[in-house]
Amino acid sequence: MATEVRQELTQLMNSSGSHKDLAAKYRQILEKAIQFTDADQLESLKAFVEAMVNENVSLVISRQLLTDFCTHLPNLPDATAKAVYHFTLEKIQPRVISFEEQVASIRQHLATIYEKEGDWRNAAQVLVGIPLETGQKMSAVSSWLLMVSWRRCTWTASLEVTNYRSLLPC
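Position 36 of the sequence shown, counting from 1, maps to 36 under the UniProt record's numbering, and the rest follow consecutively.
This is how it looks when you write it as structure tokens:
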């Protein structure tokens, strides 16, 4: 099944058409990939990510579909979502400037998973990687800083006094 999704994505990347039509076709493939379970779901979603970060796919389509992709992932089992998030961040890295909003969303969701697991160090490291230098609105930056401040207090309260200094920069 994952092979079928990969083939459909390859065909679509090599086809032409309006952005609207191509986006609709990619969206159908995404919906199909989300319906799979276990390994097929994971491999299909990885194939989708690879297609979206491919330079042959229009940036307009890629951004739109990665945003849609990000809205579906929190509904997946945490283990699957975490694997897909890490894979996506790795694949998107060379073009991170083009996908800042999507990277921020992925990192926030990934941090939430780590928080549920009680893994505060990885949650903090994931949040620190949110790109803020370009393209972000001031309200988003302010919200992020408030969230980090709140989480810093939570981490400080939940960690032993001797260990929190290695996590916090101040």
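Ideal Cβ placement from N, Cα and C applies to all residues, glycine included.
Each residue's CA atom was taken as its position, placing His19 and Glu31 some 18 Å apart. Proximity of the segment 90 to 100 to the segment 108 to 126 falls short of the contact definition, fewer than three beta-carbon pairs being nearer than 8 Å. Between Ala47 and Arg6, the C-beta gap is smaller than 9 Å, which places the two residues in contact. In terms of CA proximity to Asn75, Ile34 leads the group Ile34, Leu12, Gly118, Thr10.
Note that the C-beta distance between Glu50 and Lys82 is not below 9 Å. Going by C-alpha positions, Asn56 is about 15 Å away from Glu8. From the listed residues Asp119, Gln11, Gln64, the smallest Cα separation to Val103 is found for Gln64. Distances from the alpha-carbon of Thr3 to those of Val84, Ala79, Asp68, Leu45 put Leu45 closest. Looking from the CA of Ala24, the closest CA among Asp68, Gln41, Asn54 belongs to Asp68.
In this structure, DSSP gives Ser98 a helical state, which the three-state scheme calls helix. Here Leu42 is buried: its Cβ has 16 or more other Cβ atoms, across all protein chains shown, within 10 Å. When secondary structure is reduced to three states using DSSP, Pro131 falls in the coil class, being assigned neither helix nor strand. Under the DSSP assignment, Phe87 falls in the alpha helix (DSSP H) whose first and last residues are 78 to 92. Per DSSP, reduced to three states, the secondary structure at Met13 is helical.
In the structure shown, Phe36 adopts coil according to DSSP, grouped into three states.
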